[in-house]
Amino acid sequence: MSILTDYYRFERIATKSKTRLDCVASTGSYPEFEEKRATKAYRATDKRDATDINALVIYFGDVPNIFGGDVHRKADKAITIKGKNLSSVYVPDPATPYGYGDVSGTTDALLFVFDNLEVANGIILGGGVEVFVARGKSKDRVPLYNLLTDGEFEEEMNELRQRARAAN
């Protein structure tokens, strides 16, 4: 039985937003993400990137002060979606391309694989993030992270990558 249930790949496509990542491929199966897809298109302006209908956009940046003291001391990054916290991102070993978190308001864990993600002074310069969901496993996120770093999920991750379809 698979532990990882859903997959989303986000990449730096935006040219104006400093922290925006757009979904370029996914299994399209995780309700917490799917319900946050754009329902109307936005044209690009001098200050804003365009957003197409059905696009899924996240913002990867520093943990805002409003997230509270405990989370702010532990996590140094956060993922927000439509202005709301989706997950704090914990990276126990910055020398590895891995992190973990959980989906706010659920019992689901997230595992992150950073693919040449380059951030300087809070600005995403390039690269992407793969997000793997483990439904109902938020209490096991640290052991899952340890399995990830040991390579135990390679087969499951590759299966989910193969099932993913390109974003419209």
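Taking our numbering, the leading residue of the sequence shown gets 9, the next gets one more, and so forth. From the three backbone atoms N, C-alpha and C, an ideal C-beta is built for every residue, glycine too.
Mind the definition here: the stretch 147 to 163 touches the stretch 33 to 43 only if three or more C-beta pairs lie below 8 Å; say whether that holds.
-> no
Return the Cβ separation of residue 108 and residue 121 in integer angstroms, given the expectation that the two are a contact with Cβ distance under 8 Å.
-> Between residue 121 and residue 108 the Cβ distance is about 11 Å, and since that is not below 8 Å, they are no contact.
Residue 61 to residue 49, Cα distance in whole Å?
-> 5 Å
Using the C-alpha atoms, what's the distance from residue 110 back to residue 89?
-> The C-alpha of residue 89 lies about 14 Å from the C-alpha of residue 110.
Going by other Cβ atoms of all chains shown within 10 Å of its Cβ, with 16 needed for buried, is residue 144 buried or exposed?
-> exposed
If you check the beta carbons only, do residue 117 and residue 142 fall under 9 Å apart?
-> yes
Would you tell me roughly how many angstroms separate the C-alpha atoms of residue 33 and residue 157, rounded to the nearest one?
-> 23 Å
Out of 160, 86 and 167, which has the shortest C-alpha to C-alpha gap to residue 27?
-> 86
Buried or exposed by the 16-neighbour rule on C-beta atoms within 10 Å, applied to residue 66 | Around the Cβ of residue 66, a 10 Å sphere holds 16 or more other Cβ atoms; the residue is buried.
For residue 79, name the three-state secondary structure that DSSP assigns.
-> Its pLDDT being 46, under 50, residue 79 is placed unreliably by the model, and nothing is read from it.
Go to residue 122, then tell me how far its beta strand (DSSP E) extends in each direction, as first and last residue.
-> 117 to 128
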